[in-house]
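Q: My numbering numbers the first residue of the sequence shown as 13 and each following residue consecutively.
Where is the CB? At the ideal position from N, CA and C, for every residue including glycine.
Just so you know, these numbers come straight off a predicted model, no measurement behind them.
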Amino acid sequence: MKQLKKFSILFICLLLIATGVLSLILFYKFSISVAITPISDGCTIYKDHCTHVSFQTRDKITLDAILVDNPTAEDIAVYVHGFGMNNGDSYAHGKIETLLALNFKVFALNLRNHGYSQKTSTTAGKTEALDVLAAINYIETYLNVKPTLMWCTSMGCNATIYGIIEKEFEKPDFSIPDLIIESPMEEVYASVRSFVPTMSSLPWIPFGFFALKFAEIYAGISFGNQHIAEDIKIIQSKYCYVFFGNHDEFFSQNNAELITKNGHCKLIIIDQATHFDTWPLGKDQFIHAIQAHSL
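So this is what it looks like as structure tokens:
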């Protein structure tokens with residue numbers, strides 16, 4: 013009996029150690045790689061119609077963005093990418109091309125620790141909100157216009173929502189006329205679990221704990237408490253669309269439904285879409301939402 017007890021204790025200890033090591037490996041590959049993800053220069057595609065701009069946030073982080081001109085456009089759209097992406101990758105390119113075709117100039121931001129922006133720690137949108145706020149202030153101050161539309165993806169939506177709320181607090185009469193929210197993040201533990209879907213549910217208790225802790229310690233990522241479904245409802249944009257895949261790993265159906273309760277945003281569910289392919293599976297719906305009010 014004593015030997016069985018010792019064996020059980022040893023087995024549990026080994027399981028915890030193995031889980032911790034696996035968590036570290038996964039998050040090292042996934043999270044730390046954000047800083048060394050191959051960077052594409054968005055201006056390479058648009059050449060003479062594109063310029064890099066650089067500016068600082070309130071906490072002294074230097075950011076990079078590209079401004080893609082459109083000679084026939086008066087309105088400017090801001091695009092904020094998701095976690096592990098940048099403003100020159102193919103995912104951003106498809107959206108920038110769409111916005112240009114819909115007669116916008118495009119300001120595409122690189123969030124901190126992404127693209128050519130300064131390398132530093134990453135959060136799930138809390139500090140990146142300062143990046144979005146700095147981008148809005150830059151556009152207003154140096155381009156002398158107000159953004160007509162903001163389009164955000166995944167973690168970039170968390171940053172965008174928090175940034176807009178901060179801007180509205182500073183300047184109560186501020187609002188973004190059109191807001192396209194694509195696959196925001198909220199379910200952190202569900203997100204962790206989605207990386208190794210074949211594991212049974214029980215090991216995810218220690219795995220999720222170790223994974224998040226290693227993410228914070230080794231990758232400098234802090235997830236914090238996300239309440240995006242509630243926060244989306246308090247922003248003052250005139251028109252707001254939230255795109256959500258019915259197979260999203262990062263955002264639950266309950267959270268999606270919360271958005272429409274006592275809020276002005278319209279929820280658009282893309283059938284068969286996961287967190288990562290709401291675009292392009294819902295491309296036509298995205299275009300229709302933008303055309304409905306922005307043209």
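Determine the direct distance from the alpha carbon of residue 87 to that of residue 287, and round the result to whole angstroms.
A: Whole-angstrom Cα-Cα distance: 29 Å.
Q: Tell me whether residue 76 sits in a helix, a strand or coil according to DSSP, three-state version.
A: If DSSP states are grouped into helix, strand and coil, residue 76 belongs with the strands.
Q: Return the CA-CA distance between residue 168 and residue 58, expressed in angstroms with no decimal places.
A: Looking at the two C-alpha atoms, the distance is approximately 23 Å.
Q: Around the C-beta of residue 83, are 16 or more other C-beta atoms found within 10 angstroms, so that it is buried, or is it exposed?
A: Classification for residue 83: exposed.
Q: Rounded to the nearest angstrom, what separates residue 165 and residue 155 at their Cα positions?
A: So the alpha carbons of these two residues sit roughly 24 Å apart.
Q: Rounded to whole angstroms, what is the Cα-Cα separation between residue 297 and residue 147?
A: One C-alpha to the other measures close to 27 Å.
Q: Ignore the nearest five residues each way along the sequence and tell me which others in residue 179's own chain have a CB closer than 7 Å to its CB.
A: Cβ within range, chain order: 145, 148 and 186.
Q: Within the same chain, show all residues whose beta-carbon is closer than 7 Å to that of residue 283, passing over the 5 residues directly before and after it, in chain order.
A: So the list reads 258, once near-sequence residues are dropped.
Q: For residue 63, count neighbouring C-beta atoms within 10 Å of its own C-beta (all shown protein chains included) and say buried if the count is 16 or more, exposed if not.
A: With fewer than 16 Cβ atoms within 10 Å of its Cβ, residue 63 is classed as exposed.
Q: What does the Cβ neighbour count give for residue 300, buried or exposed, with the cut at 16 atoms within 10 Å?
A: Flag for residue 300 reads exposed.
Q: Bridge partners for residue 197 per DSSP, in chain order?
A: Residue 197 pairs with nothing; no bridge assigned.
Q: Looking at C-alpha atoms only, which residue of 97, 264, 266 and 250 is the closest neighbour of residue 302?
A: Considering only alpha carbons, the answer is 250.
Q: Give me, in chain order, the residues of the same chain whose beta-carbon lies closer than 6 Å to that of residue 98; leave out the 5 immediate sequence neighbours on both sides.
A: Cβ neighbours of residue 98 beyond the five flanking positions: 51, 122, 126 and 127.
Q: Our contact map puts residue 89 next to residue 111 with C-beta atoms below 8 Å; I'd like the distance itself, whole angstroms only.
A: At roughly 5 Å, the Cβ-Cβ gap stays under 8 Å, so residue 89 and residue 111 are in contact.
Q: What does a CB cutoff of less than 8 Å around residue 280 pick up in its chain, not counting 5 residues either side in sequence?
A: Within the same chain, residue 280 has close Cβ partners 253, 254, 255, 256, 294, 297 and 301.
Q: Between which residues of its own chain and residue 278 is the CB-CB distance below 6 Å, once the five residues before and five after are set aside?
A: Only 253 meet the Cβ criterion.
Q: From this set, 241, 291 and 182, which residue's C-alpha is nearest residue 276's C-alpha?
A: Nearest of 241, 291 and 182 to residue 276, Cα basis: 241.
Q: Give me whichever residues DSSP pairs with residue 190 in a beta bridge.
A: DSSP, once it has assigned bridges, lists 161 and 251 as partnering residue 190.
Q: Among 197, 106 and 158, which has the Cα closest to the Cα of residue 260?
A: Comparing Cα positions, the closest option is 197.
Q: Considering Cα atoms alone, identify which of 247, 289, 239 and 292 is closest to residue 268.
A: With distances taken between Cα atoms, residue 268 lies closest to 239.
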